[in-house]
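Asker: Sending over a structure as C-alpha cells; questions will come in a sec.
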Amino acid sequence: MMKITEKLAIDAFKNDKETHITLDQKICHACKERFCIYACPANLYSLNEKGEMGVEFAGCLECGTCQIACIYGSVKWKYPQSGFGVQYRFG
Amino acid sequence: MRYAPCGESEMDKVDVIIVGGGLAGLSCAYELADAGMTVITLERGDFSGSKNVTGGRIYLSPLRHYLPDLWKEAPLERHVTKELITLLGETNSTTFELYSDRSNQEPYPSYTILRAKFDRWLADLVSEKGVFVIPQKNVDDLIWEGGKVIGVKTKEEELGADCVVAADGILSFLSEKAGLRKPFQPQHFALGFKEVIALDPKTIEDRFRMGEKEGAAQLFAGTLTKGIMGGGFLYTNQESLSLGIVVGIHSLNQREPREEIYKFLDEFKQRPEIKNLIRGGEVVEYSAHLVSEGGIHIKPRVYGDGILVTGDAAGLGLNMLVTVRGMEYAMASGVLAGRTIKMAKEKNDFSASSLAHYEKLLNESFIIKEMNNYQNTLSILENERLFSKYPRAVSDLFEKVMKVDENPKEGLYKTIWETVKKDFLNFETFKDWLQFRKI
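Chains as they are written, first to last, in our numbering: chain A, 1000 to 1090; chain B, 6 to 444.
Right, dumping it as C-alpha cells:
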C-alpha cells in the first residue's frame, strides 16, 4: 500500500516560504475533537510533542476542507501566493 | 491596456475582469469574446485547470444549447456508455450495470474529463479569441466606490472594470468580501479526493468490456464510507482511471470512532472489486477538492453593483444521489453572466438592478430548475442507512439467493421473504420510503 507521503510526492508542488494556513492556538488548545486531523485528505495536521496543533502546509492539496471541518474557526486558510502551491497535471 | 502600480492616481480600466480561469470564468470569457469589449481573466494557477479537480464526468446535453460550437475539438476523455452502480457490503457487492445504445450515438450525452487538460485548452481557445487570460495572478480584494465594485486588487496592482465576475471557485473569497455569501457550514460541503491511475487504453477497454473511446462511470455506495454520507466513484479516462471517494464533511465530523479519511481510499483499493480493475496501474496524481452540496439552500446573492457571481462561487452544485453536478452549472452560468454583461454594456448600466437580469436568466435555466427539483436531497442524504444498511442488505440478500452449500437449499421465495421481512418491513424503512418519495 502506498503511504500518503508517497502519494503527495507524486504531485507537483511549488512551495512558498510562507504558510497559507494559520491556526489559532488558543482555539486549538480548547478543541477536543480535532476535526482537522481526520478530515485532511493529505494528512497534514498533527499534534507536536508539546500537544500543540501543527499543519504542514507544503503538501496542501488546496481543497479547503480543514477550514470548513473546523467549526470552531481556528483555521485561517487563504490561497497560496500567485505561482505557488499544488499544480495539478490531470485534475 | 497597461497596468498601473498601486498608489498611482488613475488606475487602468477594462470593461470586464473575470476572477478565476476555470469553467465558469472561461465560459463567461468565451461568451464575451466577440462583443468588442476588453475582457481580462485572472487565474491563480500556473495555467487554467492547474488548481481544478473533478470526479469526473461532464454532461454535454444540457450545455450544447449554451455553447454549441465548443465540443468538436474539445479534449474530453471517453464518452460514457456504461453506468454502473455498486452496492458494497462487508464482504460482498452487487452491481447494476446499464448499457444503452443511446449513450453510444452522437452527439454523445456525457464524457469523462480531466480538468487540467480541458480548462487549459479552453483558456487557449478564449485567448485566441482576444480575451486576456493571465495566469499566476491571485486577486486579493475588491475595490469599492460608493457601495459599487469598481475593480480588483492584486499584490502588484489595482485594475478597474465596469463589471467584475467572481468565478473564483467553491471557496469564493470574493463573494465573501462582497457580502453576498453565507458563512460556510460543514453540512453544505463534501470532500472529494481521488487518485488518477494510469493504465493503457486497451486494458481499460478490456476490463470494462468497452469499445475504443467508450467510457464507464461507476458509483459505489455502502461499507466503503463506514456509515459516513458519501460514496466512491470510478471514471475511465482515455489512458487512466479516476478513482476516489466523496464524503459529507458534517457526517465525517460526526463519525465515531474517529478515523483519518485519507485511509478510506487505501482500504477501498484493497477491495477485490477495485483491486482487479486497477491492477498494474500506476498512480500518477493524488488530488482533493470540495463539492458544493447545499443546493438551493445556500445559493448566495449572485449579483451586486458591478459584480456577478458564477459557478461554484455561487454555490451552483448539486448532489442528485445518482450523480453529482457542478461543471455544467459552472459553464452555463458563465455564459448567462456573459449575456447579462453584454446587455448591461448596451445600456451602459452595471448597477445591481441592471445586473439582476442574470438572476432571471439563471432562474429560467436548467440550473435553478434542477436545484429546486432536488431541494430535499440534502435531508435524505443525512440518513445514514442509505450508506450502510441498505447497500449491505441488498448484497447480502443477493448472496443468499445465489448460495449453494452443504445444506439443502431453501426455496427462493422463503429466502427472499425472510430477508425482506427482517431488513425492509419495519417502521424505519417505511419512514425512509416516505422521505425518499420527495426526490
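Every residue, glycine too, gets a C-beta built ideally from N, C-alpha and C.
Which residue from Leu360(B), Glu333(B), Gly331(B), Gly285(B) puts its Cα closest to that of Leu313(B)?
Answerer: Leu360(B)
Asker: If you measure between the beta carbons of Ile45(B) and Ala172(B), is that distance less than 7 Å?
Answerer: no
Asker: Going by C-alpha distance, which of Thr100(B), Ala128(B), Trp422(B) is nearest Glu36(B)?
Answerer: Ala128(B)
Asker: Decide if the segment 1049-1065 of chain A is in contact with the segment 1007-1014 of chain A; the criterion is three or more beta carbon pairs, one per stretch, under 8 Å apart.
Answerer: yes
Asker: Apply the 10 Å Cβ neighbour rule to Trp422(B) and answer buried if 16 or more other Cβ atoms are within range, or exposed otherwise.
Answerer: exposed
Asker: DSSP beta-bridge partners for Met1052(A)?
Answerer: Leu1046(A)
Asker: For Glu200(B) versus Val288(B), is the C-beta distance shorter than 7 Å?
Answerer: yes
Asker: Along the chain, which unbroken stretches of the alpha helix (DSSP H) at least 4 residues long are found entirely within the segment 344-412 of chain B?
Answerer: Runs of the alpha helix (DSSP H) lying entirely within the segment 344-412 of chain B and spanning at least 4 residues, in chain order: 357-360, 362-369, 371-378, 382-386, 394-407.
Asker: Which residues of chain B have a Cβ atom closer than 8 Å to the Cβ of Asn970(A), listed in chain order?
Answerer: Limits of chain A in this structure are 1000 at one end and 1090 at the other, which puts residue 970(A) out of reach.
Asker: Could you confirm whether any beta carbon from chain A is found closer than 7 Å to the beta carbon of Glu290(B)?
Answerer: It does; some Cβ of chain A falls within 7 Å.
Asker: Taking the alpha helix (DSSP H) that Trp1076(A) falls in, what are its first and last residues?
Answerer: That residue, Trp1076(A), is in no alpha helix (DSSP H); its beta strand (DSSP E) goes 1074-1076.
Asker: For Ala29(B), does the three-state DSSP call read helix, strand or coil?
Answerer: In the structure shown, Ala29(B) sits in a helix (DSSP, three-state: H, G or I).
Asker: Are any of the Cβ atoms in chain A nearer than 7 Å to that of Ser256(B)?
Answerer: Closer than 7 Å: no.
Asker: Determine the closest residue to Thr382(B) out of Gly41(B), Glu298(B), Gly220(B), with distance taken between C-alpha atoms.
Answerer: Glu298(B)
Asker: Could you spell out the range, first to last residue, of the beta strand (DSSP E) harbouring Val169(B)?
Answerer: Val169(B) -> beta strand (DSSP E) spans 162-171.
Asker: Taking 7 Å as the threshold (beta carbon to beta carbon), is Ile1020(A) in contact with chain B?
Answerer: no
Asker: DSSP has Gly237(B) in a bridge; who is on the other side?
Answerer: Secondary-structure assignment with DSSP links Gly237(B) through a beta bridge to Phe225(B), Ile250(B).
Asker: Quick check on the burial criterion: 16 or more other C-beta atoms within 10 angstroms. Buried or exposed for Asn431(B)?
Answerer: exposed
Asker: Once DSSP output is grouped into helix, strand and coil, what is the label at His294(B)?
Answerer: strand
Asker: With DSSP collapsed to three states, give me the class of Ala1008(A).
Answerer: helix
Asker: To which residues does DSSP link Tyr308(B) through a beta bridge?
Answerer: Leu313(B)
Asker: Please tell me whether Gln380(B) has its Cβ less than 7 Å away from any Cβ of chain E.
Answerer: This model lacks chain E altogether, as its protein chains are A and B.
Asker: Answer with buried or exposed for His70(B), where buried requires no fewer than 16 other C-beta atoms within 10 angstroms of its C-beta.
Answerer: exposed
Asker: Excluding the 5 residues flanking Thr420(B) on each side, which residues of the same chain have their C-beta closer than 7 Å to its C-beta?
Answerer: Within the same chain, Thr420(B) has close Cβ partners Lys405, Val406.
Asker: Beta-carbon within less than 6 Å of Phe101(B)'s beta-carbon, same chain only, minus the 5 sequence neighbours each way: which residues are those?
Answerer: Ile90
Asker: According to DSSP, simplified to helix, strand and coil, what is Glu1061(A)?
Answerer: coil
Asker: Closest to Thr228(B) by CA distance: which of Gln380(B), Phe441(B), Ser98(B), Ile385(B) is it?
Answerer: Ser98(B)
Asker: Applying the criterion that 16 or more other CB atoms from any shown protein chain within 10 Å of the CB defines a buried residue, is Phe435(B) buried or exposed?
Answerer: Around the beta carbon of Phe435(B), fewer than 16 other beta carbons lie within 10 angstroms, which makes this residue exposed.
Asker: Starting from the beta carbon of Lys1006(A), find every residue of chain B whose beta carbon is closer than 8 Å, and list them in chain order.
Answerer: Glu200, Val288, Tyr291
Asker: For His255(B), I'd like the list of residues in its chain whose CB is within less than 6 Å of its CB, leaving aside the five on either flank, ordered along the chain.
Answerer: Pro191, Gln192
Asker: Take Leu444(B) as the anchor and find which of Lys426(B), Phe392(B), Glu375(B) has the nearest alpha-carbon.
Answerer: The question names Leu, but residue 444(B) is Ile in the sequence shown. Considering only alpha carbons, the answer is Glu375(B).
Asker: Spell out a yes or no on whether the segment 377-392 of chain B and the segment 345-363 of chain B are touching, meaning 3 or more CB-CB pairs, one atom from each, closer than 8 Å.
Answerer: no
Asker: Would DSSP call Val144(B) helix, strand or coil?
Answerer: coil
Asker: Would you tell me roughly how many angstroms separate the C-alpha atoms of Asp317(B) and Ala335(B), rounded to the nearest one?
Answerer: 6 Å
Asker: Can you find a CB in chain A that lies within less than 7 Å of the CB of Pro10(B)?
Answerer: Below a pLDDT of 50, predicted positions are generally treated as unreliable, and Pro10(B), at 48, falls in that range; the measurement from the model is reported next regardless. It does not; no Cβ of chain A falls within 7 Å.
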